[in-house]
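Let me begin by presenting the structure, written as structure tokens, before commenting on it.
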Amino acid sequence: MNPVPNIDSAPLNRPPRVNNTSPSFQGGPAWQLPLRLLPPTCPVDSLLIGIVQRQRALLAVGAPKAEILGPYHPSMIIIAYPDQNEDGHALSTLIANLFLRTPIPGTPEKAACLYVTYHLTQWQIDPSPETYANLPEWHRARPSQVMTPHPTWVTQMVFGKLRDRVIANQERYATEEFHALYLVSLNINWPRGPMDIFVIDGNDMSLLDTARR
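Heads up: the sequence shown at position 194 corresponds to 195 in this note's numbering, and the numbers run straight through without jumps.
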């Protein structure tokens with residue numbers, strides 16, 4: 002295995018705030034601009050691309066949009082209690098199970114990944130002003146993501162500047178080794194206990210409001 006290169010320069014511990022709600026640099030609203038994704042480069046890519054394609058196909062044949070996209074926020078029960086095998090909405094369950102199988106170290110980090118990936122996937126399935134507005138502002142597509150083809154797993158990176166760097170130098174950073182390093186190093190600096198990131202919502206669990214920011 003080759004050594005994983007370091008990424009230097011500006012700090013990456015704070016997601017940047019960007020504004021993509023105005024007309025884009027390409028002349029249309031940002032919510033209409035698709036991500037330029039490569040064919041699958043790893044199992045994570047294959048799963049995420051497959052989810053989007055399957056849900057789009059169901060939507061195209063008239064399945065109810067609410068059923069295809071799922072609830073506004075993803076269920077966190079599977080992340081909080083992975084051994085309970087709770088049945089939830091298909092989209093939330095598939096993404097949650099993906100992150101449970103990755104080497105992401107902590108429950109808060111898995112919950113954060115589920116939250117951002119769920120909303121990103123909703124937008125990919127049904128691009129609209131509404132699904133775009135549901136994305137955390139700092140996780141909306143950056144110019145690099147709509148101009149340059151890149152692996153799907155790069156879109157899951159929390160930090161926008163890091164996505165830019167990986168996309169700009171894919172030969173060096175868009176590698177299996179760097180992807181693994183990112184997953185095992187992810188830390189959202191949650192200041193409380195791991196289970197405190199969740200809130201009971203009837204018979205479900207969701208991410209605490211403060212954690213969504």
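Even for Gly, the Cβ is constructed at its ideal location relative to N, Cα and C.
Predicted model only: the values in this text are computed from it and were never measured.
Once DSSP output is grouped into helix, strand and coil, what is the label at residue i?
i: L184; result: helix
i: S207; result: strand
i: P130; result: helix
i: H151; result: strand
i: L39; result: coil
i: G194; result: coil
i: N98; result: helix
i: H90; result: coil
The alpha helix (DSSP H) spanning residue i covers which residue range?
i: I201; result: From DSSP, I201 is part of no alpha helix (DSSP H) but of the beta strand (DSSP E) over F199 to D202.
i: P104; result: That residue, P104, is in no alpha helix (DSSP H); it is neither H nor E in DSSP.
i: M148; result: P144 to M148
i: V53; result: P44 to A61
i: Y174; result: Q171 to Y174
Compute every distance between the C-beta of residue i and the non-hydrogen atoms of the ligand HEM, then say whether any falls below 7 Å.
i: S93; result: The model depicted lacks the ligand HEM and carries no ligand whatsoever.
Can you tell me whether residue i is buried or exposed? The criterion is at least 16 other CB atoms within 10 Å of its CB, across all chains shown.
i: V117; result: buried
i: D197; result: exposed
i: V53; result: buried
i: P152; result: buried
i: T1; result: Outside the displayed range of the chain (2 to 214) lies residue 1, so it cannot be described from this structure.
i: A97; result: buried
i: T149; result: exposed
i: L101; result: exposed
i: S47; result: exposed
i: E110; result: buried
i: G51; result: exposed
i: G71; result: buried
Among all the DSSP beta bridges, which residues are the ones paired with residue i?
i: P83; result: BP columns for P83 are empty, so no partner.
i: H140; result: According to DSSP, H140 bridges with nothing at all.
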